[in-house]
Amino acid sequence: MFRFRSTAAQQAAPAPAAQSEEPVEAIAPIDAGLEVTPYRIGEAAAVAATLCLLADDADLVSFHLGDGAAPLAGRIVEVLPALGRMVIEASCQVAPGARAATCVAMPRGVKLQFQTELQWLPEEGAAAPGLLRGTAALPDQIIHLQRRSTPRLDVPLGATLRAEFTVLGRPRIFSVDDLSLGGVGLRGPVEEGHSILVGQTLAARLVLEDRTALTVPLEVRSRRPFRSFLAGPQLHLGCRFAGLSDAASGELRALLERLEMERRRGRA
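Under this note's numbering, the first residue of the sequence shown carries the number 735, and numbering increases by one thereafter.
So this is what it looks like as structure tokens:
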């Protein structure tokens, strides 16, 4: 088995050999007994963005094929949201045939998992001997465990929740992708993120459908650009609530309960 290099390194060097002295240890699937509802990513743009990150970073992916077969070590080469497909590579001497697979990765040390069906291309299209290339459908959802101390809730479809704040005298508006008692994930056009830096604290208002407003301090912990097929270049901000008052914590719990009720009604 082989160890993957970064995308940039691969562009500057020949394809890696399919075998090396040390095998790559397979990444085990998420424990079947774990309650994963808070960790589901189901919005198509977010699914594609997450897979694009795996491809850009050349993260190792373990393809578990079932039927007692040994998992394959591989990676995602390219994500094609317009086609609903992605291109994959795996270390394998003989194509195992089209079949469903549980795909597991650990970007930045946090386990991620999804289900799809792998279809292998003819072996003459391989990048190197023993290195198969194939395609797979983009999954409907991804399970992505987290470092947050509290479970996050994806904002249900149909609910309009946004964060409003001012940076350098200019008002900014971001959509809220997910919310928890510990923090919030924000999404907006790249230009809205100018001058917003990791470590910065924002005095923000969370506004739900122009009715419910909650003022919170947000510490920016991460910023990640990605491209949405429909919306173009976007920016994701991962933020932590910095010192919520007891009153604000109570309002936040009420907001989460309301969003959870809307999510359940949407599934009914």
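C-beta atoms are modelled at their ideal positions from N, C-alpha and C, and glycine is treated no differently.
### Query
If we count the other Cβ atoms within 10 Å of its Cβ and call it buried at 16 or more, is M820 buried or exposed?
Residue numbering aside, residue 820 sits at position 86 when the sequence shown is read from its first letter. By the neighbour-count rule (16 or more Cβ atoms within 10 Å), M820 is buried.
#### Entry: Complete beta strand (DSSP E) runs within the region 800–834 (minimum length 3 residues, chain order)
806–814, 819–825
### Query
DSSP three-state call for V918: helix, strand or coil?
Start at 1 with the first residue of the sequence shown, and residue 918 comes out as number 184. In the structure shown, V918 sits in a strand (DSSP, three-state: E or B).
### Task
Report the three-state DSSP secondary structure of R739 (helix, strand or coil).
For the purposes of this step, residue 739 is taken as residue 5 along the sequence shown, with counting starting at 1. Here the model assigns R739 a pLDDT of 35, short of 50, so the residue's position is not dependable, and the following value carries that caveat. R739 falls in the coil class under three-state DSSP.
### Query
Of the residues G864, E943, G972, which one's Cα is nearest the Cα of R992?
Start at 1 with the first residue of the sequence shown, and residue 992 comes out as number 258. The residue with the shortest Cα to Cα distance from R992 is E943.
### Query
Taking DSSP as the reference, what is the three-state secondary structure of G977?
The sequence position of residue 977 within the sequence shown is 243, counting from 1. Coil.
### Task
Can you tell me which of V889, G800, E812 puts its alpha carbon nearest to the alpha carbon of A832?
For the purposes of this step, residue 832 is taken as residue 98 along the sequence shown, with counting starting at 1. The option with the nearest alpha carbon to A832 is G800.
### Query
So the beta strand (DSSP E) T708 belongs to, where does it begin and stop?
For residue 708 there is no data in the structure shown, the boundaries of the chain being 735 and 1002.
### Task
Specify whether the region 779–787 and the region 759–770 touch according to this definition: at least 3 beta carbon pairs, one from each stretch, less than 8 Å apart.
no
### Query
If you draw a straight line from the alpha carbon of H798 to that of P805, how long is it in whole angstroms?
Here residue 798 is taken as the residue at index 64 of the sequence shown, counted from 1. Here residue 805 is taken as the residue at index 71 of the sequence shown, counted from 1. Taking the straight line from one Cα to the other gives about 5 Å.
### Backbone secondary structure at A778 - three-state DSSP
Translated into positions along the sequence shown, residue 778 becomes position 44. It is helical.
### Task
Quick one: grab the DSSP three-state call for Q745.
By one-based count along the sequence shown, residue 745 stands at place 11. In this predicted model, Q745 has a pLDDT of only 40, less than 50, meaning its place in the structure is not dependable enough to derive any value.
### Task
Report buried or exposed for A937, applying the criterion of at least 16 other Cβ atoms within 10 angstroms of its Cβ.
Numbered from its first residue, the sequence shown carries residue 937 at position 203. Counting Cβ neighbours within 10 Å, A937 comes out exposed, since fewer than 16 surround it.
### Query
Quick one: is R958 buried, meaning 16 or more other Cβ sit within 10 Å of its Cβ, or exposed?
Taking the first residue of the sequence shown as position 1, residue 958 is located at position 224. That one is exposed.
### CB contact flag (I877, T784, <8 Å)
As a first step, residue 877 must be located in the sequence shown, where it is residue number 143. As a first step, residue 784 must be located in the sequence shown, where it is residue number 50. Cβ distance not < 8 Å, so I877 and T784 don't count as in contact.
### Task
Whole angstroms is fine: what's the gap from P815's alpha carbon to R809's?
The count along the sequence shown starts at 1 and reaches residue 815 at position 81. The count along the sequence shown starts at 1 and reaches residue 809 at position 75. Cα-Cα distance, rounded: 17 Å.
### Distance between Y773 and A834 (C-alpha atoms, nearest Å)
On the sequence shown, residue 834 is found 100 positions in, with the first residue counted as 1. On the sequence shown, residue 773 is found 39 positions in, with the first residue counted as 1. Whole-angstrom Cα-Cα distance: 22 Å.
### Task
Return helix, strand or coil for L990, following the three-state DSSP convention.
To locate residue 990, count along the sequence shown from 1; it is residue 256. Looking at L990 - three-state DSSP - the assignment turns out to be helix.
### Query
By Cβ distance below 8 Å, which residues in the same chain neighbour V932 in space, the five residues on each side in sequence not counted?
Locating residue 932 in the sequence shown gives position 198, counting from the first residue. Excluding residues within five positions, the ones whose Cβ falls inside 8 Å are V954, R955, S956, R957.
### Query
In this structure, what does DSSP give as the bridge partners for V954?
Reading the sequence shown from its first residue, position 220 is the one you call residue 954. Beta-bridge pairing links V954 to C973.
### Query
Can the beta-carbon of A789 be found less than 8 Å from the beta-carbon of E812?
Against the sequence shown, residue 789 aligns to sequence position 55. Against the sequence shown, residue 812 aligns to sequence position 78. Cβ atoms of A789 and E812: closer than 8 Å.
### Query
Excluding sequence positions up to five away, which residues of its chain have a Cβ less than 7 Å from the Cβ of P873?
Residue mapping note: residue 873 aligns to position 139 of the sequence shown, counting from 1. For P873, where only same-chain residues beyond five positions count, the Cβ hits under 7 Å are V781, F848, Q849, T850.
### Query
Secondary structure at A762, three-state DSSP: helix, strand or coil?
Translated into the one-based positions of the sequence shown, residue 762 becomes position 28. If DSSP states are grouped into helix, strand and coil, A762 belongs with coil.
### Task
Name the two residues that bound the continuous beta strand (DSSP E) containing H878.
For the purposes of this step, residue 878 is taken as residue 144 along the sequence shown, with counting starting at 1. Note, H878: beta strand (DSSP E), 876–878.
### Task
Determine, using beta carbons only, whether V918 and V910 come nearer to each other than 8 Å.
Position 184 of the sequence shown holds residue 918. Position 176 of the sequence shown holds residue 910. For V918 and V910, yes; Cβs fall inside 8 Å.
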